[in-house]
Each structure stands twice: as C-alpha cells, then as structure tokens.
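First comes the structure, then the notes that go with it.
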Amino acid sequence: MVRKWLVCLVSLCILAAALPIHAPAAATSPPSDFSQVCPDPSQLEQEILSHLTVAYENTLPTLSTPESEEDAIPTSVDFSTAIPVYIDTELENLSLVQQADIQAHLEQCVSVWVIPMQVGSLYATVTLAKGLPLNPETAHLMTPAEQTSVQEKEGLWTVSEVAMYTDFTPYSTQISQLEQAGITTEDAVLVGGLPGIRMPMLLLFEDDIASYWYPMGDYGPSEAEVTDSYVHQARFQGESLHPFYDYEAVLSYAKTNQTSTQTDSSGMPNGSTSQGPTLVDFVPLLVAGAFLIVVLLVALWVLRRRKK
Numbered sequence: 239m240v241r242k243w244l245v246c247l248v249s250l251c252i253l254a255a256a257l258p259i260h261a262p263a264a265a266t267s268p269p270s271d272f273s274q275v276c277p278d279p280s281q282l283e284q285e286i287l288s289h290l291t292v293a294y295e296n297t298l299p300t301l302s303t304p305e306s307e308e309d310a311i312p313t314s315v316d317f318s319t320a321i322p323v324y325i326d327t328e329l330e331n332l333s334l335v336q337q338a339d340i341q342a343h344l345e346q347c348v349s350v351w352v353i354p355m356q357v358g359s360l361y362a363t364v365t366l367a368k369g370l371p372l373n374p375e376t377a378h379l380m381t382p383a384e385q386t387s388v389q390e391k392e393g394l395w396t397v398s399e400v401a402m403y404t405d406f407t408p409y410s411t412q413i414s415q416l417e418q419a420g421i422t423t424e425d426a427v428l429v430g431g432l433p434g435i436r437m438p439m440l441l442l443f444e445d446d447i448a449s450y451w452y453p454m455g456d457y458g459p460s461e462a463e464v465t466d467s468y469v470h471q472a473r474f475q476g477e478s479l480h481p482f483y484d485y486e487a488v489l490s491y492a493k494t495n496q497t498s499t500q501t502d503s504s505g506m507p508n509g510s511t512s513q514g515p516t517l518v519d520f521v522p523l524l525v526a527g528a529f530l531i532v533v534l535l536v537a538l539w540v541l542r543r544r545k546k
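Position in the sequence shown counted from 1, then plus 238, gives you our numbering.
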C-alpha cells in the first residue's frame, strides 16, 4: 500500500515539475465600442461640440473660401464612429509576437478614442482620453485653477485634443478599404506613439502572430528608414494603398528612435505609463511551486512512517 502511495506521489511530482511556469495569456477581444469603456458617452457631447467650435473658429482665417460657421458646426456627435488607439505601449522594448500576449499587454496600456467629424469643408478628429493624476513634478508649472481642473478630471473621460484637416480619411474608412482589398482586419489594433513614427499604425495578425503594420496616414516610415520592412502593397479600387511593413522591423526602427520625445497623431505624449509584469503573471509559477512543496512534504511524511 505504501509503495502505491509513493508511486502516486512521484507521479504527482513529475506532473508538477512539467507544469508551465507562465501560462499563455488568453485571447481577449479589445473593446470595439466607446460605450464599453464609457457607459454614458452623451455627457461628453457638449464638451466635444464646444472644443470643436473653438478649433473651427481658429482655422477659419486660414481658409481660402469663406464659410458660414453657423451651418458648419455639427449639432450632435456620433459616438459609434469612435475607434481606440493604444499609446505608450513600449512594444519596441518587449519581445511579444503572440496575438494573445500582445492583446493582454495592450489592455494594461493607455488608450484614447478618436472620433472623426466633418465641419464645413474641413475634417476633424476629436481625441477622448481619461484624465490622469496630477503629476507632482510638473504641478508647479500650473496655476491653482489648472491643478484643480486636472484633479477634478482624474479618471474621467474628457476631450484631450481636436485636430483640423483639409483632407483626412477616417481610420474606420481606411480599415474598410483594407477589408475590401482582401486584407483581414478582424483582430487588428491601432497603436500610436511609436518612437520615430508620427501617426498610429494598424497592427495586423496572421495565424495568431503579429505580422504587419499598416500606416494610418502619409507620415509613416519610408522604405529607406526601415530596412527590409516593406512587405507588400494592396490595391483598392485600382489605387495602391499604403505599403505594409514587417512587424519586427518597425519595432527595431522605433527602438533606435527612443531618445527623442515622441507624440502620437492625437498629440498625446509618449511617456512611460504602461505597466510591467503583475502578480497575476506569476500565479502559474507560484501554484506549481507550492504544489511541488506539498507533494514533497507528504512524501517525506510517508517515508518516515514506513521506517517506523
């Protein structure tokens, strides 16, 4: 009977030793609708329209053709057009290639939501971000009123930027063009703030592996800047789309440009706000270690009883 116990215990020890020390992250779908992260987005509508009006008024003097401000300013905001952009990801400093691992990491990073809007003959992007805590290192540069405003907005969604363009294609439209060109974008994610790259890049996966980047604008890295990163170019309605770039090559390029302070296309600073490994990442290792210790203690106890 004791021998059977020992055989079972040895088998359990072997099983415990064979357990992976780090279980792969489960694939999770990132939020696709702003209402998933902000239950009542309508409360932001007046703030958005107010910022939009100011931005449009500041741009009017630069237009060659006069416009009627009264007819140009929208009266409502379509929050269903908002699309998330992950920033401060530091992917260039990590070695993540599995889709599940990348998505799990992005969930810990800062994200902003960008809403495309048309104002008269102009196009606008409204960037929504959660208010961050007051930075004690820069608080002395702000007035008491500004400090109070930052503290009141901490953790709340607010307008961080409104940018005006004479020519702009919404991110959602560009993604639709890729789909119509035969490119699968179901699990693709937008990443902004990569060092040396002045706009968000769409990260595309193939067979659950990060494969390509697609630039969301005309300010992506050139083929000469990112060695061997130009992979292929799709066509939509007879016209060439932006080129696709190799995943690893773009991260290598970004890593060489880390020395300068970067901002993404939404004007958000590329700081160091992404979180490192958490206790959850080490749970499999801790469980396996504790289980192995218990098994060994039981084995020693059985051996001592057998000697008696």
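In this text, a Cβ means the ideal position worked out from N, Cα and C, and glycines have one as well.
Since residue i and residue j should fall inside the 8 Å C-beta cutoff, what is the C-beta to C-beta distance between them, to a whole number of angstroms?
{"i": "A448", "j": "Q337", "result": "7 Å"}
{"i": "K368", "j": "L332", "result": "The Cβ separation is near 23 Å, so there is no contact."}
{"i": "N495", "j": "P433", "result": "4 Å"}
{"i": "S314", "j": "T365", "result": "So it is not a contact: roughly 18 Å between Cβ atoms."}
{"i": "Y485", "j": "Y450", "result": "6 Å"}
{"i": "V488", "j": "M439", "result": "7 Å"}
Below 6 Å CB to CB, which residues in the same chain sit around residue i once its five sequence neighbours on both sides are set aside?
{"i": "K493", "result": "E330"}
{"i": "P371", "result": "E392"}
{"i": "Y361", "result": "Y403 and F406"}
{"i": "I311", "result": "T291"}
{"i": "E305", "result": "G358"}
{"i": "I413", "result": "T423"}
{"i": "V388", "result": "L372"}
{"i": "E283", "result": "V315"}
{"i": "H584", "result": "Limits of the chain in this structure are 239 at one end and 546 at the other, which puts residue 584 out of reach."}
What are the boundary residues of the beta strand (DSSP E) that includes residue i?
{"i": "Q356", "result": "V348 to V357"}
{"i": "S333", "result": "Element bounds for S333: n/a, residue is neither H nor E."}
{"i": "L441", "result": "M439 to E444"}
{"i": "L428", "result": "V427 to V429"}
Who are residue i's beta bridge partners in DSSP?
{"i": "G369", "result": "E392"}
{"i": "M402", "result": "A362"}
{"i": "P453", "result": "M439"}
{"i": "A448", "result": "F443"}
Between residue i and the rest of its own chain, which residues show a CB-CB distance below 7 Å, the 5 nearest in sequence each way excluded?
{"i": "P322", "result": "P268, P269, S349, W351 and L428"}
{"i": "T511", "result": "Low confidence applies to T511: its pLDDT is 32, below 50, so where it sits in the model is not reliable enough to give any reading."}
{"i": "F272", "result": "P279, F317, A320 and W351"}
{"i": "C276", "result": "W395"}
Terminal residues of the continuous alpha helix (DSSP H) containing residue i?
{"i": "I413", "result": "Y409 to Q418"}
{"i": "E375", "result": "Taken as a continuous stretch (DSSP letters only), E375 belongs to no alpha helix (DSSP H), as it is neither H nor E."}
{"i": "L344", "result": "Q337 to L344"}
{"i": "L489", "result": "Y485 to K493"}
Tell me which same chain residues have a C-beta within less than 8 Å of the C-beta of residue i, skipping the five on either side of it?
{"i": "Y294", "result": "E307, A310, I311, V357, G358, L360, A362 and M402"}
{"i": "L334", "result": "I340, H343 and A448"}
Unbroken alpha helix (DSSP H) runs of length 4 or more, entirely within the segment 268 to 327: which are they? 283 to 297 and 307 to 310
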